[in-house]
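Here this note's numbering is used: the first residue of the sequence shown is 14, the next is one more, and so on.
C-beta: ideal position from N, C-alpha, C; glycine also.
First up is the structure itself, then whatever we jot down about it.
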Amino acid sequence: MASVSPKNPKKKKSVAPPRRGWSALFGGPSFFGNLTTTVLIFLLLMSVYSLISGFVQPANDVPLSVVAADVAAGKIHAIKVNGDSLDLEYADGSMKVSRKDPSAGLPETLATYGVTPAELAKVAITIQGQSGFQFWFLTLAPVLLPLIFIVFLFWFLSRQVKGAGMQAFSFGQSKARVIDPADSSQRVTFADIAGAREAKEELEEIVDFLKSPKKFLDIGARIPKGIILMGAPGTGKTLLARAVAGEAGVPFFSISGSEFVEMFVGVGASRVRDLFQLAKKAAPAIIFVDEIDAVGRVRGTGVGGGNDEREQTLNQILVEMDGFEPTEKVVVMAATNRPDVLDPALLRPGRFDRRVTIDLPDRRDREEILTIHARKKPLGPDVALAVIAERTPGFSGAELYSLMNEGAILAARENRKEVTQYDLIRSIEKVMLGPERKSHLLSKKEKELTSYHEAGHALVSSILEHADPVHKISIISRGRAAGYTLKLPFEDRKMQSKKQFLDDIAATLGGYVAEEMLFDDVTTGPSNDLMVVTALAREMVTRYGMSEKLGPIAFGDRQLGNEPYSEEVAAQIDAEVSRIIEEAKARATKVISEHRVVLDAIAKELIEKETIERNEFEKILIANGITPKKKEEEGIDILPEK
Ligand code: ADP
Ligand code: ZN
Ligand code: MG
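Dropping the structure here:
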């Protein structure tokens, strides 16, 4: 049971390098499995070797003395000399073999056995030269084969060690991924990024520098070494960094902060060193450190267990950046969605002194992003991306991308060749809340309870002036929510006022209040609502100065150790949070008891239809004498007609 406004779920990607090479070929990381293979290969080599040697040395030699006697007796017809081996052809047609001393000629050898030249002349002696290859092979094989085998064994074992994850041979090597500017399939340019106009303008300068550094260096200009991209997850920080490399046509070395914090102390630092060395060799180049907050957190606060490894890595990054020559053509870019936790040392001049903020896209940007991601998808004639953009305030670029993708999946699953508007509308909720769980059946009692809960949210939202209008109510469960009320602001909001916060809190408590009032009981259902409400109220007090009692003071995060405050103030904050929530609850209770008839009407409709769209909902309001909230100039009808 959730009252839903668009949010940005945190996402994390992890890329495991594919296993390659021999260890994969030999099937798996088991060291002993591979040892067996090695031994088998060894045996095979040995048998091949002995086969070759055996071929060369046949067993049934005739002794030389016998050969001499046979020659003298005229029994031998012809002798073929091949190196030191002799093929004997007897007069009776039989063939025999023998060998002689390799250093002596055949005639001399036979002469020493008493064969006269006359006797020898009757024998046809042919001398066959050994081919060069044969000679060398036979001479070198006994030495080379074991040598080759030993080298192979070493190489193979070293692969095993890596395969087994010990990485003993690649300790500090940077695990950076490199994107080669020549690889057009990976190339990203500014044209692939919608919106983010200011960010792109800022980065144009960097592109210009990387393209023609000489122009800048000649005039003595110092180009920023470090640029930090700040923005919510999925706003296209990584994409922008890649686009800078793509526009400038320089190599892009990227590594994620979380990858540094991996193993033993010192490894992160040596990785940083390697990474910078690689990039300097390839200069002009870009080094991109994604999620830099993973290593760049404020040092010495003890958050994260006072991780030594992190500090060393961070220090090494700083050392490398400080050590840049002014003529170095390497630009370091970093991205974070937690700029508030970064160590101030990172942001000092000469380090990451350029800050580029990327906001969530506004309506026009969202339409452009949708258009970009619709490029390769055939859209039906009814698709109006402007309408989708209108219905997705708060969506990040990544969420819009996945919305378009979900739409295409829906169309493909129904064997259609085109994506329709209805596919996209359904995808909005899927991206926001997770897929519908039609199989999750509610009992009659649960259905009633959920209906009243959601009706409570919807009613309070419609009555209170500053709450967001209701777009849809449903008791079909999605993700972890049993039902949901979709409230969307008419416009993108960059700022929220105190009144809006208070009405929002009251509307979010509407579900809890309705349950309590009707069933004289409270379920576990509204737990998420309560979390949202508590967080909102706390932010009002500690961040936005919206409590009269505590005044316009921003209280830092106590856990992070910045601007700590006393126990006394902590107690005051807690009291204010409680007060805000109590008052909001009282207002929600008042609205619901005054409009009990409407609540019943909405709940009844929900029990019957399970989902109410905005126009149906407004009909119920009008029938009960309530004027629905209207947008000033309502351009497009944003409701899907099924
Ligand atoms: P971040 O690094 O800020 O978390 P990413 O750069 O990884 O976000 O963005 C994820 C995906 O979202 C991108 O690959 C892209 O498909 C899409 N995206 C995000 N912002 C935009 C944008 N402004 N224009 C087009 N696509 C975007
Ligand atoms: Zn709820
Ligand atoms: Mg990213």
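Identify the residues that DSSP records as bridge partners of Q329: which are they?
One-based indexing of the sequence shown puts residue 329 at position 316. Paired residues: none, contrary to the question.
Y103 - DSSP class collapsed to helix/strand/coil
Along the sequence shown, read from residue 1 onward, the residue named residue 103 stands at position 90. In the structure shown, Y103 sits in a strand (DSSP, three-state: E or B).
Residues that G259 bridges to, as DSSP identifies them
Along the sequence shown, one-based indexing puts residue 259 at 246. Paired residues: none, contrary to the question.
Here's the rule: buried if 16 or more other CB atoms are within 10 angstroms of the residue's CB, otherwise exposed. What is P482?
Position 469 of the sequence shown, counted from the first residue, corresponds to residue 482. P482 is buried by the Cβ-count criterion.
Compute the beta-carbon to beta-carbon distance between V136 and V84, rounded to the nearest angstrom, for a pair I have assumed lies under 8 Å.
The residue given as residue 136 occupies position 123 in the sequence shown. The residue given as residue 84 occupies position 71 in the sequence shown. Yes, they are in contact, since the Cβ atoms of V136 and V84 sit about 6 Å apart, within 8 Å.
Let me check you understand the geometry: is the CB of A209 closer than 7 Å to at least one non-hydrogen atom of the ligand MG?
Taking the first residue of the sequence shown as 1, we reach residue 209 at position 196. No - the ligand MG has no heavy atom lying nearer than 7 Å to the Cβ of A209.
So is the beta-carbon of G244 under 7 Å away from any non-hydrogen atom of the ligand ADP?
Residue 244 sits at position 231 when you count from the first residue of the sequence shown. Yes - the ligand ADP has a heavy atom lying nearer than 7 Å to the Cβ of G244.
Taking only three categories from DSSP, how would you classify K500?
Counting from 1 along the sequence shown, the entry for residue 500 is found at position 487. In this structure, K500 counts as strand in the three-state DSSP scheme.
On the DSSP bridge list, what partners appear for D346?
Numbered from 1 along the sequence shown, position 333 holds the residue referred to as residue 346. Note that residue 346 is Met in the sequence shown here, rather than Asp. Answer is I240 and F301.
Note down the Cα distance separating I330 from A204, rounded to an integer number of angstroms.
Taking the sequence shown and counting its residues from 1, one reaches residue 330 at position 317. Taking the sequence shown and counting its residues from 1, one reaches residue 204 at position 191. The straight-line gap from Cα to Cα measures roughly 31 Å.
Taking the C-alpha atoms as reference points, what is the distance between G318 and T326?
Within the sequence shown, the letter at position 305 stands for residue 318. Within the sequence shown, the letter at position 313 stands for residue 326. Any answer about G318 is weak, because its pLDDT of 49 lies below 50 and its placement is not dependable; what the coordinates show is given next. If I take the Cα positions, the gap works out to 15 Å.
Alpha carbon to alpha carbon, how far is V263 from S283?
If you number the sequence shown from 1, residue 263 lands on position 250. If you number the sequence shown from 1, residue 283 lands on position 270. If I take the Cα positions, the gap works out to 24 Å.
With a 10 Å radius around its C-beta and 16 neighbouring C-beta atoms as the bar for buried, classify T537 as buried or exposed.
Stepping through the sequence shown from its first residue, residue 537 is reached at position 524. Classification for T537: exposed.
In angstroms with no decimal places, state the Cα-to-Cα distance between L170 and M59.
Residue mapping note: residue 170 aligns to position 157 of the sequence shown, counting from 1. Residue mapping note: residue 59 aligns to position 46 of the sequence shown, counting from 1. Taking the straight line from one Cα to the other gives about 20 Å.
Between P237 and T340, what straight-line distance do the alpha-carbon atoms span, to the nearest angstrom?
As a working note, residue 237 is residue 224 in the sequence shown. As a working note, residue 340 is residue 327 in the sequence shown. The straight-line gap from Cα to Cα measures roughly 11 Å.
Rounded C-beta distance between I615 and K460? I'm assuming under 8 Å.
Here residue 615 is taken as the residue at index 602 of the sequence shown, counted from 1. Here residue 460 is taken as the residue at index 447 of the sequence shown, counted from 1. Rounded, the Cβ-Cβ distance is 14 Å, inconsistent with contact.
Quick check on D542: buried or exposed, where buried means 16 or more other Cβ atoms within 10 Å of its Cβ?
As a working mapping, residue 542 is identified with position 529 in the sequence shown. Classification for D542: buried.
With 16 other Cβ atoms within 10 Å as the buried cut-off, status of G469:
Locating residue 469 in the sequence shown gives position 456, where the first residue counts as 1. Classification of G469: buried, given that the 10 Å Cβ count is 16 or more.
Under 8 Å, with one C-beta from each stretch per pair, do the stretch 361–371 and the stretch 197–212 reach the 3-pair mark?
In this structure the stretch 361–371 touches the stretch 197–212; the number of beta carbon pairs closer than 8 Å is three or more.
Residue nearest to A207 in terms of C-alpha spacing, selected from T384, D231, L166 and E272:
Mapped onto the sequence shown, residue 207 falls at position 194. Of the candidates T384, D231, L166 and E272, the one whose C-alpha sits nearest the C-alpha of A207 is T384.
Please find out if some non-hydrogen atom of the ligand ZN comes closer than 7 Å to the beta-carbon of G420.
Locating residue 420 in the sequence shown gives position 407, where the first residue counts as 1. The answer is no for G420.
Backbone CA spacing between A399 and T640 [nearest angstrom]
For the purposes of this step, residue 399 is taken as the residue at position 386 of the sequence shown. For the purposes of this step, residue 640 is taken as the residue at position 627 of the sequence shown. Distance between the alpha carbons of A399 and T640: 27 Å.
Roughly how many angstroms separate the alpha carbons of K511 and R364, rounded to a whole number?
Within the sequence shown, numbered from 1, the residue matching residue 511 stands at position 498. Within the sequence shown, numbered from 1, the residue matching residue 364 stands at position 351. Using only the alpha carbons, I get a separation of about 38 Å.
Among V473, D100 and A402, the one whose alpha carbon lies nearest that of I518
Here residue 518 refers to the residue found at position 505 when the sequence shown is read from its first residue. Across the set V473, D100 and A402, the C-alpha of V473 shows the shortest separation from the C-alpha of I518.
Span separating the alpha-carbon of I441 from that of T624:
One-based indexing of the sequence shown puts residue 441 at position 428. One-based indexing of the sequence shown puts residue 624 at position 611. Distance between the alpha carbons of I441 and T624 is about 15 Å.
If you follow the alpha helix (DSSP H) that N541 is in, where does it begin and where does it stop?
Against the sequence shown, residue 541 aligns to sequence position 528. Its alpha helix (DSSP H) spans residues S540 to T555.
If we call anything under 8 Å between Cβ atoms a contact, is A307 one with F266?
In the sequence shown, counting from the first residue as 1, residue 307 sits at position 294. In the sequence shown, counting from the first residue as 1, residue 266 sits at position 253. Cβ atoms of A307 and F266: not closer than 8 Å.
So, helix, strand or coil for N637, using DSSP?
Start at 1 with the first residue of the sequence shown, and residue 637 comes out as number 624. N637: coil per DSSP, three-state reduction.
Sequence-distant residues of the same chain with beta carbon closer than 6 Å to F222, five excluded per side
Along the sequence shown, one-based indexing puts residue 222 at 209. Counting only Cβ-Cβ distances below 6 Å, and skipping sequence neighbours, we find F229 and I236.
When the Cα of E467 is compared with those of A520, I438 and L634, which residue comes out closest?
Within the sequence shown, residue 467 is the residue found at index 454, counting from 1. Taking only the C-alpha atoms, the option nearest E467 is A520.
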